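Comments concern the structure below.
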Amino acid sequence: MSQIRQPAVAGMFYPDDPAVLRRQVRDLLAAAESPTEPPPKAIIAPHAGYVYSGPVAASVYGRLGRARDHIRRVVLLGPSHRVPFHGLAAPSSEAFRTPLGDIPVDTEAIAGLRDFPQVQVRDDAHALEHSLEVQLPFLQEVLGEFRLIPLVVGDASYAEVREVLDHLWGGEETLIVISSDLSHYHDYDTARALDRATSVAIEALAPERIDYDHACGRTPVGGLLQAARARGLHAHTLDLRNSGDTAGPRDRVVGYGAYAID
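Numbering (this note's numbering), first residue to last: 33 to 294.
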């Protein structure tokens, strides 16, 4: 029996009932605009509970519908919230499970990372991590079948992340997804100003202008922006809100942004 990474935040960050979850994801996507532009090569999406960040995440996932027939693998990076370590953590699992089913891990691609000193196999970094998990039901709904390359990012440099992304970049069959929220626990107006500045930095492909505490996924975001800049790509802000706009009070908010890189 293959090793499966079990969901850790189903029933907390998103529904654990498959029918309820699928309906919620579809409703979020239906409420988001679906532009006719070609789907992006890479996206940045938030990772809070769906009631808070789901509408913002749907703003960028809605761009992927036309890519359903050709995206066959997803490189998914998000920050570690629970386990401190250096570098990037790959799983030994052969699949990641959500209430919507199992997603096969691209074990061949994972094996191909063994020569990168910054990559290590650490199932403990994946076991309770939500930053990757909350992206999966959206990906399952918009893409259908695909293979997953999930990497949790710890204490790493932008260059270390970029090196791995460059190796995994691929062609139109590969989507890069970076999971990150923005500022945390400021008042509403302060958060809006900070998050606007972060969005300007992302659009400029200038990770050096993103303060450490203004995006929890700053490191994987930075690696992506460096890789995008080297390829002459562009970043676009599709949505920028915070928990005060979606489902929470405005005295201590968390910022959420959705970005497309193409």
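Ideal Cβ positions, reconstructed from N, Cα and C, are used throughout, including at glycine. Bear in mind the structure is a predicted one, so any value in this text is a computation, not a measurement.
Contact belief for H113 with E192 at Cβ below 8 angstroms, rounded distance in angstroms: For the purposes of this step, residue 113 is taken as residue 81 along the sequence shown, with counting starting at 1. For the purposes of this step, residue 192 is taken as residue 160 along the sequence shown, with counting starting at 1. No, H113 and E192 are not in contact; Cβ-Cβ is about 19 angstroms, not under 8 angstroms.
A279, DSSP secondary structure in three states: Within the sequence shown, numbered from 1, the residue matching residue 279 stands at position 247. Of the three classes helix, strand and coil, the one that applies to A279 here is coil, per DSSP.
Check whether R154 and A121 have beta carbons under 7 angstroms apart: Your numbering for residue 154 matches position 122 in the sequence shown. Your numbering for residue 121 matches position 89 in the sequence shown. Cβ distance < 7 angstroms, so R154 and A121 count as in contact.
Euclidean distance between Cα positions of E195 and V106: Translated into positions along the sequence shown, residue 195 becomes position 163. Translated into positions along the sequence shown, residue 106 becomes position 74. The alpha-carbon atoms of E195 and V106 are separated by roughly 17 angstroms.
Ranges of the beta strand (DSSP E) found wholly within the stretch 242-287, counting only runs of at least 3: Inside the stretch 242-287, DSSP marks whole beta strand (DSSP E) runs of 3 or more residues at positions 267-274, from first to last along the chain.
Three-state class that DSSP yields for Q56 in the structure shown: Looking up residue 56 in the sequence shown gives position 24. Reduced to three states, the DSSP call for Q56 is helix.
contact_flag[the stretch 241-251, the stretch 167-183] where n(CB pairs < 8 angstroms) is 3 or more: Judged by Cβ distances under 8 angstroms, the stretch 241-251 makes no contact with the stretch 167-183, as fewer than three pairs qualify.
Spatial distance of A77 from D227 (CA atoms): Working through the sequence shown from its first residue, we reach residue 77 at position 45. Working through the sequence shown from its first residue, we reach residue 227 at position 195. Using only the alpha carbons, I get a separation of about 14 angstroms.
Own chain residues within Cβ distance below 6 angstroms of A141, not counting five before or after: Stepping through the sequence shown from its first residue, residue 141 is reached at position 109. Closer than 6 angstroms at the Cβ level, and outside the excluded window around A141, lie I181.
Selected residue, minimal CA-CA separation from L207, among A238, A292, V88: Taking the sequence shown and counting its residues from 1, one reaches residue 207 at position 175. Selected option, being the one with the closest Cα: A292.
Member of D283, R250, A259 whose CA lies at the smallest distance from the CA of A223: Along the sequence shown, read from residue 1 onward, the residue named residue 223 stands at position 191. If we check each option's Cα against that of A223, D283 comes out closest.
Beta bridge counterpart(s) of Q152 as assigned by DSSP: Counting from 1 along the sequence shown, the entry for residue 152 is found at position 120. Q152 pairs with A121.
Range covered by the beta strand (DSSP E) that runs through A134: Your numbering for residue 134 matches position 102 in the sequence shown. With the sequence shown as reference, residue 134 is identified as Asp, and Ala is not the correct amino acid for it. Run containing D134: 133-136, per the beta strand (DSSP E) assignment.
Exposure label - G255; buried when at least 16 CB within 10 Å: Against the sequence shown, residue 255 aligns to sequence position 223. The residue is buried, with at least 16 neighbouring Cβ atoms inside 10 Å.
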